[in-house]
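K.L.:
Quick one: the structure is below, and I'll ask about it shortly.
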Amino acid sequence: MQVFLRDEFLHHLSQCQPLFLPQVDQVEAVLEGEVIGSKHGGFQRYLIKWRDRPISDATWVLDEELHRIIGPDILEPQYHSHNSTELSSFQPRGNDGDRIRPKLMLVAVVEATLACGTGACAVVVDAVLEGHAGRGSLRGKRVVSQLQRQRVNYNNRRSSSSRLVVRAAAKDIAFDQASRAALQAGIDKLADAVGLTLGPRGRNVVLDEFGTPKVVNDGVTIARAIELPDAMENAGAALIREVASKTNDSAGDGTTTASVLAREIIKLGLLNVTSGANPVSIKKGIDKTVQGLIVELEKRARPVKGREDIKAIASISAGNDEIIGTMIADAIDKVGPDGVLSIESSSSFETTVDVEEGMEIDRGYISPQFVTNPEKLIVEFENARVLVTDQKISSIKDIIPLLEKTTQLRAPLLIIAEDITGEALATLVVNKLRGILNVAAIKAPGFGERRKALLQDIAIVTGAEFQASDLGLVIENTTVEQLGLARKVTISKDSTTIIADSASKDEIQARISQIKKELSETDSVYDTEKLAERIAKLSGGVAVIKVGAATETELEDRKLRVEDAKNATFAAIEEGIVPGGGAALVHLSTCVPAIKETLVDADERLGADIVQKALVAPAALIAQNAGVEGEVVVDKIKASEWEVGYNAMIDKYENLVESGVIDPAKVTRCALQNSASVAGMVLTTQAIVVEKPKPKTPMAAPPQGLTV
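Numbering (this note's numbering), first residue to last: 4 to 711.
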């Protein structure tokens, strides 16, 4: 058995050289072992399994100082792993005799499956030694005992029937009424906290986070921050959290409305289930009623007519902040209804709108492990390097040189390629999770020749050199100078927004002129459409809303409001608008009796009644937050025309559409669908299984004779 520095091992594998190792085709798997060390340093163990060879084990000790920091009590078990190895300290020195320090290196992961059975293993240490130009540049002493060289056959030691058994943690189980009561308690606690923010006179909620507490008015942010101590109640809270998250993902706003609706449907539904109604039939009744209401909602929604509608929608979604509404309307004016809006923090107190060169790509991140903002599930880079290629990347050796160069620059890296798979993707993910690399990857947009054209557009925007396969360019040989530069990159699961460096402006205009020339020469309807789309992407640019505030707390709250306003605006452009203030849902409740007549089953009709009663909850809560009796407000809205409702800001009943109190129809639809979906699942739940809390270890008593 041999023990190698990890970079030597990978080099010999890539070259398929049998210098100290068997041929590469004899490698069955490379397993990532544990990191041994402390905050002062450490090393990574790798287990290499060979085909048809016995097992042994070994490790490196990098130098005496590291050995002293870690301590022999931690290292000792590693010496005697499998009772086959004893290894004394290794002291690497450079050509000048100075001690060499280990540092982090890129972690390569070979995708393989470790099959059961016997085989030979060697441990390879993850360490790059500064000044290490090759094996000849190191001098060190390694003492390995005879025991290490023994071949141990595990077939003679253990039968194949022996296996590792992992016992699950103990569970608490609640049934029937106990489970429903626990779920309801958790749902109420979360919905009460979220519901405080509903309406123009809604309150704020303070979230105690690391550092300065955050003051927010955003439903989904509050929902995500809540974790209840009781595991069963927390399960109920998690269900409402799911409603808010789903609504935020699909519509970008309306999370509080969805949470309030879900709580009300669940509350009324559980009362009927406790009284003996069939929960499955109730769920069917709820689903059928909601489907009918969505059809009615689509009929009554009207399209956005102009700037004033956009301003009104944005203002309402931002908590009746007309300044934010005006900013969103200005941004839409500059980039158009199909344009791209980006939100940033401003270095001043003022909030401004600028249009910068850039484009949006309809591709999201390949792996969610690249996410840098877990709250929003997005990747955010500033001053990122960009690799643009139409090649498929699957091998480690293709990207290792480039990753090493960008790591030295301390710059984030965005890779846009046909695809990234296998060990290349695994390498990126592992190094991203370890904090060694700041990297993300997306697939190239489009197909065929159109894909190449789009990649060339992206290369022009970022100033990158397009690494085209038909030109014979190899990714492994890509230099830093051939990479592009983006001032800001934002990647979601569905799309990528690139804001270009200002130096790319002239090249972008030249590219637009070239595409316009192609457009004037083509006769194909399809080509005309696609070329016009490319021109729009390049010329529209990105409207950057730079949000300013006096304090960090105010800035975070303001950015969340701007984000809600942006999402609501695009949702309204997509599916139209309806009266706001919960009035649309109240008016829809008057349509339920007609839907109920189509239902035959008695319990399904109960489901329709539950939806009818729940639909008035958001409007009632808006009135309650404004200090008005909710039931009175609901009755007056029901007796009014479709567009008439209660304006809580000025305490007046009026035509809400004319006065600018409007909601996107998409937000109302998503809130209704998602709340009904989760409520139906809760109603058909009869047991909860949660992990049993572990008893707290009592504090040790102080020594006798001491004053505490």
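The beta carbon of each residue, even a glycine, is placed where N, CA and C say it ideally should be. Note that this is a predicted model, so its numbers are computed, not measured.
1. Looking at C-alpha atoms only, which residue of Ser-542, Met-684, Thr-410 and Leu-659 is the closest neighbour of Gly-339?
2. Indicate whether Gly-361 and Lys-496 have their beta-carbon atoms separated by less than 7 Å.
3. Please say whether Val-307 and Ala-571 have beta carbons closer to each other than 7 Å?
4. Which whole-angstrom value is the C-beta distance of Ala-387 and Leu-417, which I expect to be below 8 Å?
5. If contacts are defined as beta-carbon pairs under 8 Å, then Ala-228 and Ile-243 qualify, I think. What distance do you get, rounded to the angstrom?
6. Give the DSSP-derived three-state secondary structure of Asp-333 in the structure shown.
7. By the three-class DSSP mapping on this structure, what secondary structure does Val-660 have?
8. Report the partner residues of Ser-370 according to the DSSP bridge assignment.
9. On the CB-based measure, 16 or more other CB atoms within 10 Å of its CB, does Lys-520 come out buried or exposed?
10. Is the separation between the beta-carbon of Glu-421 and that of Asp-401 shorter than 7 Å?
11. Asn-376 to Thr-493, Cα distance in whole Å?
12. With a CB to CB cut of under 6 Å and the five nearest residues on each side skipped, what residues in its chain are close to Arg-490?
13. What's the call for Ala-553, buried or exposed, on a 16-neighbour Cβ count within 10 Å?
14. Secondary structure at Glu-114, three-state DSSP: helix, strand or coil?
15. Determine contact between the region 181 to 200 and the region 251 to 268, defined as no fewer than three beta-carbon pairs at a distance below 8 Å.
16. Indicate the three-state DSSP secondary structure (helix, strand or coil) for Thr-554 in the structure shown.
17. If Ile-625 and Leu-201 are in contact, beta carbons under 8 Å, what's the gap, nearest whole angstrom?
18. If you measure between the beta carbons of Asp-2 and Ala-280, is that distance less than 7 Å?
19. Taking its Cβ as the centre, do 16 or more other Cβ atoms sit within 10 Å of Gln-180, making it buried, or is it exposed?
20. Quick check on Cys-119: does DSSP put it in helix, strand or coil?
21. Express the C-alpha separation of Gln-627 and Asp-604 in angstroms, rounding to a whole number.
22. Here's a check: name, in chain order, each residue in its chain whose Cβ is nearer than 7 Å to the Cβ of Val-565, leaving out the five neighbours to either side.
23. Between the beta-carbon of Leu-675 and the beta-carbon of Val-293, is there less than 7 Å?
24. When DSSP labels each residue in this structure, what does Arg-206 get in the three-state scheme?
25. Using the Cα positions of Val-208 and Ala-429, report the straight-line distance between them to the nearest angstrom.
26. Whole angstroms is fine: what's the gap from Val-693's alpha carbon to Leu-231's?
27. Glu-37 by DSSP, collapsed to three states: which one?
28. Would you give the residue range spanned by the beta strand (DSSP E) that Arg-437 belongs to?
29. Run the CB neighbour count on Gly-451, radius 10 Å, all protein chains shown included, and call it buried at 16 or more, exposed below.
30. Are there 16 or more other CB atoms within 10 angstroms of the CB of Thr-482, so buried, or fewer, so exposed?
31. Please work out which residues of its chain come closer than 6 Å, Cβ to Cβ, to Glu-510, disregarding the five sequence neighbours upstream and downstream, and give them in chain order.
32. Leaving out the 5 sequence neighbours to the left and right, which residues in its chain are closer than 8 Å to Ser-498 when beta-carbon positions are compared?
33. Can you grab the Cα-Cα spacing for the pair Lys-42 / Leu-436, in whole Å?
34. Val-356 and Asp-333 look like a contact to me (Cβ under 8 Å); what is the Cβ gap, rounded to whole Å?
35. So Lys-390 packs on Ile-369, CB below 8 Å; how close in whole Å?
36. Would Asn-677 be called buried (16 or more neighbouring beta carbons within 10 Å of its own) or exposed?
P.N.:
Looking at the coordinates:
1. Ser-542
2. In this structure, Lys-496 does not lie closer than 7 Å to Gly-361 by Cβ.
3. Not closer than 7 Å, so no.
4. 5 Å
5. Actually they are not in contact, since the Cβ atoms of Ala-228 and Ile-243 sit about 13 Å apart, beyond 8 Å.
6. helix
7. helix
8. DSSP output for Ser-370 lists no bridge partner at all.
9. Lys-520 sits exposed, since fewer than 16 C-beta atoms from the chains shown fall within 10 Å of its C-beta.
10. no
11. 10 Å
12. Ile-502 and Asp-504
13. Classification of Ala-553: exposed, given that the 10 Å Cβ count is below 16.
14. Only weak support is given to the placement of Glu-114: the predicted model assigns it a pLDDT of 28, under 50, and the value that follows is read from those uncertain coordinates. DSSP places Glu-114 in coil when its eight states are reduced to three.
15. yes
16. The answer is coil: DSSP assigns Thr-554 none of H, G, I, E or B.
17. 6 Å
18. Residue 2 is absent from the model: the chain starts at 4 and stops at 711.
19. exposed
20. Below a pLDDT of 50, predicted positions are generally treated as unreliable, and Cys-119, at 27, falls in that range; the measurement from the model is reported next regardless. In the structure shown, Cys-119 sits in coil (DSSP, three-state: anything other than H, G, I, E or B).
21. Approximately 35 Å, taken between the alpha carbons.
22. Ala-321, Ile-327, Ile-346, Ile-548 and Val-550
23. yes
24. coil
25. 40 Å
26. 13 Å
27. Bear in mind that the predicted position of Glu-37 carries a pLDDT of just 46, short of 50, making it unreliable; the figure below should be weighed with that in mind. DSSP places Glu-37 in strand when its eight states are reduced to three.
28. Where Arg-437 is concerned, there is no enclosing beta strand (DSSP E), given that its DSSP letter is neither H nor E.
29. exposed
30. exposed
31. Ile-463
32. Glu-363, Ile-364, Asp-365, Arg-366 and Gly-367
33. Any reading at Lys-42 must be qualified, since the residue scores a pLDDT of 40, below 50, and its modelled position is unreliable; the value itself is stated next. Straight-line Cα distance between these residues: approximately 17 Å.
34. 5 Å
35. Per the sequence presented here, residue 390 reads as Leu, with Lys not at that position. At roughly 14 Å, the Cβ-Cβ gap does not stay under 8 Å, so Leu-390 and Ile-369 are not in contact.
36. buried
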